[in-house]
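One structure below.
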Amino acid sequence: MAGKLQAPRGTFDVLPADGERRQLLRENADDLLGRAGYGPFETPAFEDTEVFARGVGQSTDIVSKEMFTFEDKGGRSLTLRPEGTAGACRAYVEHGMHKLSQPVKLRYWGPFFRHEAPQAGRYRQFNQVGAEALGSDDPTLDAELILLLAELLEDSGVESRLKLSSLGNAETRASYGEELRTFLRAREGELSEEVRARVDANPLRAFDADHPGTRAVMAEAPLLIDRLDAADAEHFAEVRGLLDDAEQEYDLDPTLVRGLDYYTRTVFEFDSPSLGAQSGVGGGGRYDGLVEQLGGPPTPGVGWAAGIERILLASDEDPDDLELPVAFVAVPRPELRRMAFGIVRALRDSGARAEMEQAGRSMKGQLKQANRIGATHVVIVGDELEVKEMEGGEQRVVADEQELLEAVLG
Ligand code: HAM
70 MAGKLQAPRG TFDVLPADGE RRQLLRENAD DLLGRAGYGP FETPAFEDTE VFARGVGQST
130 DIVSKEMFTF EDKGGRSLTL RPEGTAGACR AYVEHGMHKL SQPVKLRYWG PFFRHEAPQA
190 GRYRQFNQVG AEALGSDDPT LDAELILLLA ELLEDSGVES RLKLSSLGNA ETRASYGEEL
250 RTFLRAREGE LSEEVRARVD ANPLRAFDAD HPGTRAVMAE APLLIDRLDA ADAEHFAEVR
310 GLLDDAEQEY DLDPTLVRGL DYYTRTVFEF DSPSLGAQSG VGGGGRYDGL VEQLGGPPTP
370 GVGWAAGIER ILLASDEDPD DLELPVAFVA VPRPELRRMA FGIVRALRDS GARAEMEQAG
430 RSMKGQLKQA NRIGATHVVI VGDELEVKEM EGGEQRVVAD EQELLEAVLG
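The sequence shown maps to residues 70 to 479 in our numbering.
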């Protein structure tokens with residue numbers, strides 16, 4: 070016999086029991102984001118590698134280590150998308166969306182790919198739900214998006230904490246970067262090797278280090294948030310005011326480091342304590358220079374993405390909140406199959422969830438099966454039509470199909 074085949078490392082299958090929870094989450098996200106004006110949006114699962122190299126940033130782990138990149142038969146370099154924002158901006162430019170009325174609000178749901186070391190909550194193919202608002206720097210968009218993600222997480226039964234900061238604009242970041250580099254170089258001997266190697270490329274990552282010596286140095290480092298210019302400070306104050314009005318709690322975290330280079334101004338992350346090491350359940354921020362970087366007109370943007378698998382891992386909720394009646398139509402003898410089939414169709418047409426016996430089980434086995442699928446009613450076909458209520462066990466004969474539907478649907 071040939072060797073056993075398995076899903077590739079870091080990937081997983083979604084079986085129906087889990088699929089149900091994902092479906093509910095998706096419906097909830099569609100409803101929540103749709104009501105805020107975010108329209109359904111899709112991009113391809115792969116893009117020209119350049120979209121991510123230019124968009125996400127060469128110095129990030131995502132681009133330098135984690136991309137699934139391959140050459141197509143025409144010799145073009147393609148990459149399975151590691152995230153959705155760069156592709157959204159590429160599409161905004163490609164379709165001239167700056168000519169539409171602004172902001173353009175998009176929502177998406179789908180698979181993303183990063184070649185990371187797999188562990189609980191960290192996969193090589195995972196799914197994100199995301200939202201982006203392009204074409205306006207209005208602080209109500211930053212606040213609206215943060216509140217939408219907070220609501221999605223709360224509705225999904227995820228306990229989380231919001232971390233919030235501002236990175237200012239590109240110039241502030243550049244001059245702060247120089248200030249930080251000078252500071253780090255002066256204390257080089259105390260830093261971890263990894264941080265030392267990155268001082269030039271990405272000094273901000275030093276705030277992310279676990280190394281005790283580095284942490285001690287970083288506790289004394291200058292903070293970007295103290296260097297914001299007047300306009301950025303005002304923008305951040307407005308975002309915070311809006312969150313305060315909405316009674317949204319947050320921790321100001323001036324050392325918040327996101328793993329992508331395109332952020333400007335507002336950045337945020339929701340962490341869930343129940344997730345352990347991979348505690349980031351969702352995050353995002355403003356990226357006012359990204360569209361331009363990808364060849365479009367200067368265009369502000371803000372958005373977030375959250376991991377579907379992490380939401381479901383962190384959720385303490387049983388998704389069993391479908392209040393539909395569930396009928397199981399028992400088939401005492403095979404020749405009654407046709408009658409049962411008609412009844413199951415009538416039940417579904419009238420809004421119930423209905424299944425019938427389809428595996429030749431004994432009556433006892435069929436009642437067990439009814440239990441397994443969470444049936445509220447069992448219908449028994451035969452010379453007489455009977456409906457049994459699972460809760461309480463009451464069983465009665467009904468005169469016809471109409472009476473049967475009433476008995477099940479109430
Ligand atoms: P991100 O923080 O890289 O942001 O990813 C967002 C979320 O995707 C994370 O919080 C996490 O829940 C999930 N995620 C990331 N990597 C993995 C993985 N390997 N396995 C499982 N889940 C994962 C972005 O992707 C930005 N595009 C967000 C954004 C949108 N910023 C502005 N607009």
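All C-beta atoms in this analysis are idealised placements derived from N, C-alpha and C, irrespective of residue type, glycine included. The model shown is predicted, which means the values in this text are computed figures rather than measured ones.
Asked	Found
Could you pull the start and end residues of the alpha helix (DSSP H) that Pro85 belongs to?	Pro85 to Arg104
Going by Cα to Cα distance, which pick from Arg267, Val395 and Val456 is closest to Ser419?	Val395
So, Ser233 versus Asp340, is the Cβ gap smaller than 9 angstroms?	The residue asked about is misnamed: residue 233 is Leu in this sequence, not Ser. Cβ atoms of Leu233 and Asp340: not closer than 9 angstroms.
Can at least three beta-carbon pairs, one atom from the region 362–375 and one from the region 158–170, be found at a separation below 8 angstroms?	yes
Sort Gly126, Ala383, His446 and Pro401 by Cα distance to Ala423 and report the nearest one.	His446
From what residue to what residue does the beta strand (DSSP E) around Phe139 run?	Thr138 to Glu140
Could you tell me if the beta carbon of Ile131 falls within a distance shorter than 8 angstroms of some heavy atom in ligand 1?	yes
Apart from the five residues just before and just after Leu416, which ones in its own chain have a Cβ nearer than 6 angstroms to its Cβ?	Ala396 and Ala423
Give the secondary structure of Pro272 by DSSP, where H, G and I count as helix, E and B as strand, and everything else as coil.	helix
Looking at the strands, I want to know which residues DSSP matches up with Leu454.	Val467
Got a sec? Which residues, its chain only, sit under 7 angstroms from Leu253 by beta carbon, not counting five neighbours each side?	Leu260, Val268, Pro272 and Ala275
Give every residue of the same chain whose Cβ lies closer than 7 angstroms to the Cβ of Ser133, excluding the five residues on either side of it in the sequence, and list them in chain order.	Gln127
Using DSSP's beta-bridge definition, name the partner residues of Val395.	Arg422
Just to confirm, are Glu201 and Gly443 a CB contact at a threshold of 9 angstroms?	no
Between Ala98 and the rest of its own chain, which residues show a CB-CB distance below 8 angstroms, the 5 nearest in sequence each way excluded?	Arg176, Trp178, Val198 and Leu221
Whole angstroms is fine: what's the gap from Gln435's alpha carbon to Ala399's?	6 angstroms
Which residue comes first and which comes last in the beta strand (DSSP E) that contains Ser133?	Here Ser133 belongs to no beta strand (DSSP E); instead the alpha helix (DSSP H) covers Asp130 to Lys134.
Taking 8 angstroms as the cut-off, is the beta-carbon of Gly165 closer than that to any non-hydrogen atom of ligand 1?	no
Write down the C-beta distance between Asp211 and Arg355 rounded to the nearest angstrom, noting that I regard them as a contact closer than 8 angstroms.	6 angstroms
Output needed for Ala155: all residues of its chain with C-beta closer than 6 angstroms, excluding positions within five of it in sequence on either side, in chain order.	Val120, Phe121, Gly124 and Val125
Cβ atoms of Gly345 and Ala189: under 9 angstroms apart, would you say?	yes
What number of angstroms, rounded off, separates the C-alpha of Gly451 from the C-alpha of Glu89?	33 angstroms
Relative to the C-alpha of Gly328, which residue among Ala288, Ala278 and Pro369 is closest?	Ala278
How long is the line joining the alpha carbons of Ala302 and Leu147, rounded to whole angstroms?	39 angstroms
Pull the bridge partners of Tyr177 from the DSSP assignment, please.	Gly199
At which residues does the beta strand (DSSP E) containing Thr148 begin and terminate?	Ser146 to Leu149
Quick check on this structure: which residue in Gly103, Pro151, Glu307 and Leu84 has the alpha carbon closest to the alpha carbon of Glu116?	Pro151
Taking DSSP's pairing of strands, which residues face Glu116 in a bridge?	Thr148
Would you report the Cα separation of Arg265 and Leu393, rounded to the nearest angstrom?	59 angstroms
What three-state label does DSSP hand Gln171 in the structure shown?	coil
Helix, strand or coil: how does DSSP classify Val336 here?	strand
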